[in-house]
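A.B. asks: Starting off with a structure, shown below.
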Amino acid sequence: LPRVLSGIQPTADSFHVGNYLGALRQWVDLQATHQAFYSIVDLHAITVEQDPADLRRRIRVAAAQLLALGIDPQVSTLFVQSQVPAHTQLAWVLECLTGFGEAGRMTQFKDKSARGGADRSSVGLFTYPILQAADILAYAADAVPVGEDQRQHLELTRNLAQRFNARYGPTLTVPEPYILKATAKIYDLTDPGVKMSKSSPGGSLDLLADVKASVKRIKSAVTDNEREVRYDEDAKPGVSNLLRLLSVFTGASIPELERRYEGRGYGDLKGDLAEAFAAFVTPLQASVAGYLADPAELDAVLRAGGERARATADATVAAVYERVGFLV
Ligand code: AQP
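full-length UniProt numbering numbers the first residue of the sequence shown as 28 and each following residue consecutively.
Here it is, written out as structure tokens:
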């Protein structure tokens, strides 16, 4: 079977629908056709300041959400990044192959460091895309299901794999991005010009948020001054975003939805989305609570996944170290 690897940061108390539509839905689907490695990337989470107790709780909440969404730990390898030392071991080798200017061109670093002031950003935030490359290359992943915001990091990963192979001989698998165009970028409900993000909480739609509060957020989502429910990303970004969400939660295609709302207003569209979202998250939240009720079992599942992940990733590090010229 071809392999996939993807990761998600435990940096908030809930995943949002951007994470779900951009990545996690694909994670679940790909289990049927791929050998899947899915990681809660806690090492990435400390590139910005984290409270230890929050981080520990959020790792478990992340695991519970992944299980509740349908990641099957018997089928896929579900693990916590910090429990697999191979990621940082491989990252160092890749850092030594990365140009300083090349790393400096990563737009996510520019965005995130601009928020807090570049001088106050950690070196870890700067090198994080290289650690991410190691996450992927350690498992010889053929494909990486992610949202559009990760495309540039994926390109860096491909470049580093090719560079390593050219310098030391064929060793690393060059991965392909797996980005589904229709849901690759979900936008903020209060500002449909920017992507929905964990760090702009006012306009995100969170899977574990109080359902009534989410319904309120949907009903006050920013649209436009027209009345027509029509998909047009450039002219009607807010309405198009709502249509994208409703399409996923109801299974109806966008043209079908456009027909359904002909002659009806945005209020109907929002009301139906609120209802569909509530129907999706209500059982999900109950399932997450069930997993969180037994943290020891949750930790055991993750430890077992970590063991399987280590077996694969350690083999890559051994091959890489041998190629580089280390004594093995
Ligand atoms: N708005 C989005 N639309 C589609 N996909 C998205 N992803 C994130 N936001 C959107 C995808 O979710 C996966 C996990 O992302 P991550 O853990 O790297 O989270 P992130 O990008 O740090 O999440 P945020 O919410 O964007 O947080 P901050 O505020 O830290 O920037 C990835 O596959 C990502 O593409």
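Note that the Cβ used here is the ideal one computed from N, Cα and C, for glycine as well.
All values derive from a computational prediction rather than experimental measurement.
#1: Return the first residue and the last residue of the alpha helix (DSSP H) that residue 15 is part of.
#2: Quick one: residues in its chain with C-beta nearer than 6 Å to the C-beta of residue 357, no 5 flanking neighbours on either side, listed in chain order?
#3: Any heavy atom of the ligand AQP closer than 8 Å to the beta-carbon of Q179?
#4: Please report the distance separating the alpha-carbon of V111 from that of L181.
#5: If you drop the 5 nearest sequence neighbours on each side, which residues of the same chain put their C-beta closer than 8 Å to that of Q108?
#6: Taking the beta carbon of N268 as the centre, do at least 16 other beta carbons fall within 10 Å, making it buried, or is it exposed?
#7: Roughly how many whole angstroms lie between the Cα atoms of K243 and R350?
#8: Which term fits V221, buried or exposed, when burial requires 16 or more other beta carbons within 10 angstroms of its beta carbon?
#9: Rounding to the nearest angstrom, what Cα-Cα distance links L48 and V275 in this structure?
#10: H61 and P100 look like a contact to me (Cβ under 8 Å); what is the Cβ gap, rounded to whole Å?
#11: Find out if the Cβ-Cβ distance for the pair G95, V315 is shorter than 9 Å.
#12: In this structure, does DSSP put Y214 in helix, strand or coil?
#13: As a quick exercise: from A160, A211, Y205, R142, pick the residue whose alpha carbon is nearest that of D176.
#14: Report the rounded CA-to-CA distance for I245 versus S224, giving the unit in angstroms.
#15: Among L187, G131, Y195, which residue has its Cα nearest to the Cα of Y348?
#16: List the residues that DSSP assigns as beta-bridge partners of S41.
#17: Measuring CB to CB, does R85 end up less than 9 Å from D138?
#18: Any chance the CB of V344 is under 8 Å from a heavy atom of the ligand AQP?
#19: CB of A160 to nearest heavy atom of the ligand AQP: below 8 Å?
#20: Taking just the CA atoms, how far does V355 sit from Y214?
C.D. replies: Answer, in terms of the structure:
#1: Nothing can be reported for residue 15, as the shown portion of the chain is limited to 28 through 355.
#2: There is no way to answer for residue 357, as the model of the chain reaches only from 28 to 355.
#3: Mapped onto the sequence shown, residue 179 falls at position 152. Checking the Cβ of Q179 against the ligand AQP gives no.
#4: On the sequence shown, position 84 is the one that residue 111 refers to. On the sequence shown, position 154 is the one that residue 181 refers to. Whole-angstrom Cα-Cα distance: 21 Å.
#5: Residue mapping note: residue 108 aligns to position 81 of the sequence shown, counting from 1. The answer, listed in chain order, is G34, S66, I67, V68, D69, L70, H71, H114, D162.
#6: As a position in the sequence shown, residue 268 is number 241, starting the count at 1. That one is buried.
#7: If you number the sequence shown from 1, residue 243 lands on position 216. If you number the sequence shown from 1, residue 350 lands on position 323. Cα to Cα, the separation comes out at about 57 Å.
#8: Along the sequence shown, read from residue 1 onward, the residue named residue 221 stands at position 194. Exposed, because fewer than 16 other Cβ atoms sit within 10 Å of the Cβ of V221.
#9: Looking up residue 48 in the sequence shown gives position 21. Looking up residue 275 in the sequence shown gives position 248. Spanning the two alpha carbons is a distance of roughly 8 Å.
#10: Taking the sequence shown and counting its residues from 1, one reaches residue 61 at position 34. Taking the sequence shown and counting its residues from 1, one reaches residue 100 at position 73. Going by Cβ atoms, the distance from H61 to P100 rounds to 15 Å, so no, they are not a contact pair.
#11: As a working note, residue 95 is residue 68 in the sequence shown. As a working note, residue 315 is residue 288 in the sequence shown. Residue identity check: residue 95 is Ala in the sequence provided, not Gly. Cβ atoms of A95 and V315: closer than 9 Å.
#12: Within the sequence shown, numbered from 1, the residue matching residue 214 stands at position 187. Strand.
#13: Taking the sequence shown and counting its residues from 1, the one referred to as residue 176 is at position 149. Comparing Cα-Cα distances from D176 to each of A160, A211, Y205, R142, the minimum goes to A211.
#14: If you number the sequence shown from 1, residue 245 lands on position 218. If you number the sequence shown from 1, residue 224 lands on position 197. C-alpha separation (whole angstroms): 16 Å.
#15: Taking the sequence shown and counting its residues from 1, the one referred to as residue 348 is at position 321. Cα-wise, what sits closest to Y348 is Y195.
#16: For this step, residue 41 is matched to residue 14 along the sequence shown. Paired residues: none, contrary to the question.
#17: Walking along the sequence shown from the start, residue 85 turns up at place 58. Walking along the sequence shown from the start, residue 138 turns up at place 111. For R85 and D138, no; Cβs fall outside 9 Å.
#18: Taking the sequence shown and counting its residues from 1, one reaches residue 344 at position 317. No, Cβ of V344 sits at least 8 Å from all heavy atoms of the ligand AQP.
#19: The residue labelled residue 160 in the question sits at position 133 within the sequence shown. Flag unset: Cβ of A160 not near the ligand AQP.
#20: Taking the first residue of the sequence shown as position 1, residue 214 is located at position 187. Taking the first residue of the sequence shown as position 1, residue 355 is located at position 328. Their backbone Cα atoms lie some 48 Å apart in a straight line.
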